[in-house]
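Asker: Mind having a look at this structure? Questions to follow.
In the working numbering, the protein residues as written are 564 to 682.
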């Protein structure tokens, strides 16, 4: 998983602050296993290139831990919370064949290009 500087710069400043978005260097986890550390959930709009052009409100755990092997086949564990925990859960869902639309509040599903269509 990774959230590079370029993506950070494309994220509006207000959104970065509210969600606690920051640069995440590339991390590799082979055969990852995730464990919830804090069962409280936080709901934010989420999108995915698998369903391009749409987003929805998705609850995610506040804090999680992932363990697995890195690119050198060394055992690694990472505890994270906030934005990084959200990205991690989103990507772990993909490994299980789950998309954010499977977890979303269906009433929050929107076409993110709708304002441009109405100009």
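No residue lacks a Cβ here, since even glycine has one placed at the ideal position from N, Cα and C.
If residue 662 and residue 613 are in contact, beta carbons under 8 Å, what's the gap, nearest whole angstrom?
Answerer: On the chain shown, residue 662 is found 99 positions in, with the first residue counted as 1. On the chain shown, residue 613 is found 50 positions in, with the first residue counted as 1. Residue 662 to residue 613, Cβ: 6 Å. Contact.
Asker: So for residue 668, helix, strand or coil by DSSP?
Answerer: As a working mapping, residue 668 is identified with position 105 in the chain shown. If DSSP states are grouped into helix, strand and coil, residue 668 belongs with coil.
Asker: Would you tell me roughly how many angstroms separate the C-alpha atoms of residue 676 and residue 618, rounded to the nearest one?
Answerer: If you number the chain shown from 1, residue 676 lands on position 113. If you number the chain shown from 1, residue 618 lands on position 55. Distance between the alpha carbons of residue 676 and residue 618: 10 Å.
Asker: Measure from the C-beta of residue 660 to each C-beta in chain C and report whether the shortest distance is under 8 Å.
Answerer: As a matter of chain content, chain C is missing from the structure shown, which is built from one protein chain.
Asker: For residue 585, name the three-state secondary structure that DSSP assigns.
Answerer: For the purposes of this step, residue 585 is identified with residue 22 of the chain shown, where counting begins at 1. Looking at residue 585 - three-state DSSP - the assignment turns out to be coil, as it is neither helix nor strand.
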